[in-house]
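Undergrad:
Protein chains: 2
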Amino acid sequence: MARNKRDIDKEAKRTEIVAAAHALFIQKGFDETTMGALATSVGVAPNTLYWYFANKDELLLAVLDSTLLSLHRDFMARQFSSFDEHLFWLYEQLLACNSLVTTVHARVIVSEPVAEWHTRFHHMLDAMFTWLLVQAGVAPAKVSGWLDVCTLTLEGLLSHRYEAARAQRALSALLTEIC
Amino acid sequence: MARNKRDIDKEAKRTEIVAAAHALFIQKGFDETTMGALATSVGVAPNTLYWYFANKDELLLAVLDSTLLSLHRDFMARQFSSFDEHLFWLYEQLLACNSLVTTVHARVIVSEPVAEWHTRFHHMLDAMFTWLLVQAGVAPAKVSGWLDVCTLTLEGLLSHRYEAARAQRALSALLTEIC
DNA sequence: ACCTGAACACCGTTCAAGT
DNA sequence: ACCTGAACACCGTTCAAGT
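Quick mapping for you: the protein sequence lines, in order, are chains A and B.
Just so you know, we're using my numbering here: the first sequence kicks off at 2 and counts up by one.
Just so you know, we're using my numbering here: the second sequence kicks off at 2 and counts up by one.
Spelled out as structure tokens, the structure:
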């Protein structure tokens, strides 16, 4: 996309803003991060942010996309020996940005673009779980029934911030029963 | 609690406000319901609400409590022939106020009283599911492992507003495997 | 005791103006 | 093209004043 130096600079600035927003959204939360605070963290006037992003929700979408992209990158760079290891790794990764999960669910109701992103995200999760379950030897006919249980349990564990031990126990209960 | 006429009037007014807030929170959502809109809906000045409730979160807590109370009342007035029927009934009841579920999860992070209410609510759900699972003949040793899976799946189905058929399928997958 | 008008602090966003 | 100061609309909340 970025053709000339000007485009590259603009892209770099966008990336810088998204990085700062990512840090603040996770540290303070989306609602608690004001555009003013984000602006000072980047060293710019609040309204300057609106030259790069139409509004706060588009900024959220950019943060979500970049988070998912780096998650995917890390995933590809790893080898997993078992279904368990795979699932727990994913759990730990997502736990680091669990406040984003809650934020998405809150904004889905009021923002159409966020709702679309949320749908796409779940399609991705579904595809991943289907692959994992089939890989683990679950009969394809039974997969569809378990899909939502797996996804929702995982998401619930994140948004409720359960201690690692409890999350482990719940995921284990699921796994031993399915496989 | 209400001793004399004055207390009764005050309690009645509080109940009226809570009822109006309940309707608006469910119809429009918590964030999208301004104190001003709620005030006009009750026919009073916005700041009058602060004579009855310290802030918007306390109003939310009152709505949550009243919702839970009437749910409990309805529950007691019913007979359930099976675990399935019981669970689906609960699902349908909670679906009617699913936006409150999302709101609670969003406010838990920032409001201590809401966090306490949320903890109490999950204790209640845990107790209920334990009772149901034992009733259904699940070995007590296995109950604790399934508890969180049941709770989180139920909550996830609500907050994601899945169509009835899909929710039915997920809950059925859980039930047939557990029992 | 109960209610209100006016005001405050804050926040997302816009706009006209600068370079 | 990129950035800013000033302003706008809105919202939760407070406060002094009314009855």
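The beta carbon of each residue, even a glycine, is placed where N, CA and C say it ideally should be.
Using a cut-off of 8 Å between C-beta atoms, extract the partners of THR154(B) located in chain A.
TA: Within 8 Å Cβ-Cβ: ASP149, VAL150, LEU153, THR154 and GLY157.
Undergrad: Could you give the residue range of the alpha helix (DSSP H) that holds VAL45(A)?
TA: That residue, VAL45(A), is in no alpha helix (DSSP H); it is neither H nor E in DSSP.
Undergrad: Whole angstroms is fine: what's the gap from LEU159(B)'s alpha carbon to ASP10(A)'s?
TA: So the alpha carbons of these two residues sit roughly 44 Å apart.
Undergrad: Any beta carbon from chain B within less than 9 Å of LEU134(A)'s own beta carbon?
TA: No, its Cβ sits nowhere closer than 9 Å to a Cβ of chain B.
Undergrad: Sort GLU59(A), TYR53(A), ILE18(A) and LEU62(A) by Cα distance to THR41(A) and report the nearest one.
TA: Of the candidates GLU59(A), TYR53(A), ILE18(A) and LEU62(A), the one whose C-alpha sits nearest the C-alpha of THR41(A) is ILE18(A).
Undergrad: If you draw a straight line from the alpha carbon of ASP75(B) to that of TRP90(B), how long is it in whole angstroms?
TA: In a straight line, the C-alpha of ASP75(B) is about 10 Å away from that of TRP90(B).
Undergrad: Is it true that the CB of THR103(B) sits closer than 9 Å to the CB of ALA97(A)?
TA: Taking 9 Å as the Cβ cut-off, ALA97(A) and THR103(B) do not qualify as a contacting pair.
Undergrad: Identify, in the order they occur along the chain, each residue of the same chain with its Cβ nearer than 7 Å to the Cβ of ALA46(A), setting aside the five sequence neighbours on each side.
TA: Here the set comprises ALA40.
Undergrad: Could you spell out where the alpha helix (DSSP H) holding VAL167(A) opens and where it closes?
TA: Checking the sequence, you will find Arg at residue 167(A) rather than Val. Where ARG167(A) is concerned, the enclosing alpha helix (DSSP H) stretches over 165–179.
Undergrad: So that I know if they touch, is there some Cβ in chain B lying closer than 9 Å to that of THR1(A)?
TA: Outside the displayed range of chain A (2 to 180) lies residue 1(A), so it cannot be described from this structure.
Undergrad: Is any beta-carbon of chain B found at less than 9 Å from that of ILE27(A)?
TA: Chain B, which has no Cβ nearer than 9 Å to the Cβ of ILE27(A), makes this no.
Undergrad: Please list, in chain order, the chain A residues whose beta carbon lies closer than 8 Å to that of CYS146(B).
TA: A small fix is needed here, since residue 146(B) is Gly in this sequence, not Cys. Under the 8 Å cutoff, chain A gives ARG170, ALA171, SER173 and ALA174.
Undergrad: By how many angstroms is the C-alpha of ALA171(A) removed from the C-alpha of GLU164(A)?
TA: About 11 Å.
Undergrad: Could you tell me which chain A residues have their CB closer than 8 Å to the CB of ALA107(B), listed as they occur along the chain?
TA: In chain order: ASP32, THR103, THR104, HIS106 and ALA107.
Undergrad: Candidates MET77(A), LEU176(A), TRP52(A) and THR34(A): which alpha carbon is nearest TRP147(B)'s?
TA: Ranking the options by Cα distance to TRP147(B), first place goes to LEU176(A).
Undergrad: Buried or exposed: LEU70(A), going by 16 or more other Cβ atoms within 10 Å of its Cβ?
TA: That one is exposed.
Undergrad: Compare the C-beta of ARG167(A) with all C-beta atoms of chain B and state if any pair is closer than 9 Å.
TA: At least one chain B Cβ lies under 9 Å of ARG167(A).
Undergrad: Would you mind sorting VAL149(B) into buried or exposed? The rule is 16 or more other CB atoms within 10 Å of its CB.
TA: Here the sequence assigns Asp to residue 149(B), which means Val is not the residue at that position. ASP149(B) comes out buried.
Undergrad: Tell me the residue span of the alpha helix (DSSP H) that contains GLY157(B).
TA: Run containing GLY157(B): 141–160, per the alpha helix (DSSP H) assignment.
Undergrad: Tell me whether SER112(B) is buried or exposed, calling it buried when 16 or more other Cβ atoms sit within 10 Å of its Cβ.
TA: Flag for SER112(B) reads buried.
Undergrad: For a contact defined as C-beta to C-beta under 9 Å, what are the partners of VAL111(B) on chain A?
TA: Within 9 Å Cβ-Cβ: GLY30, ASP32 and GLU33.
Undergrad: Are the C-beta atoms of SER160(A) and some chain B residue less than 9 Å apart?
TA: For SER160(A), the answer is yes, since a Cβ of chain B falls inside 9 Å of its Cβ.
Undergrad: Please go through the segment 23–73 of chain A and give each complete alpha helix (DSSP H) segment of 4 or more residues, from N-terminal end onward.
TA: As far as the segment 23–73 of chain A is concerned, its whole alpha helix (DSSP H) runs of at least 4 residues are 36–43 and 50–53.
Undergrad: Could you check where the alpha helix (DSSP H) with GLN94(A) kicks off and where it finishes?
TA: Unbroken alpha helix (DSSP H) run through GLN94(A): 84–96.
Undergrad: Three Cβ pairs or more, each shorter than 8 Å: is that satisfied between the segment 20–31 of chain B and the segment 57–68 of chain B?
TA: Taking 8 Å as the limit for Cβ pairs, the verdict is that the segment 57–68 of chain B does touch the segment 20–31 of chain B.
Undergrad: In the DSSP assignment, find the unbroken alpha helix (DSSP H) run with ARG79(B) in it and report its ends.
TA: Here ARG79(B) belongs to no alpha helix (DSSP H), and DSSP marks it neither H nor E.
Undergrad: Got a sec, what are the start and stop residues for the alpha helix (DSSP H) LEU116(B) sits in?
TA: The sequence given here has Ala at residue 116(B), not Leu. Note, ALA116(B): alpha helix (DSSP H), 113–136.
Undergrad: Tell me whether ALA174(B) is buried or exposed, calling it buried when 16 or more other Cβ atoms sit within 10 Å of its Cβ.
TA: ALA174(B) comes out buried.
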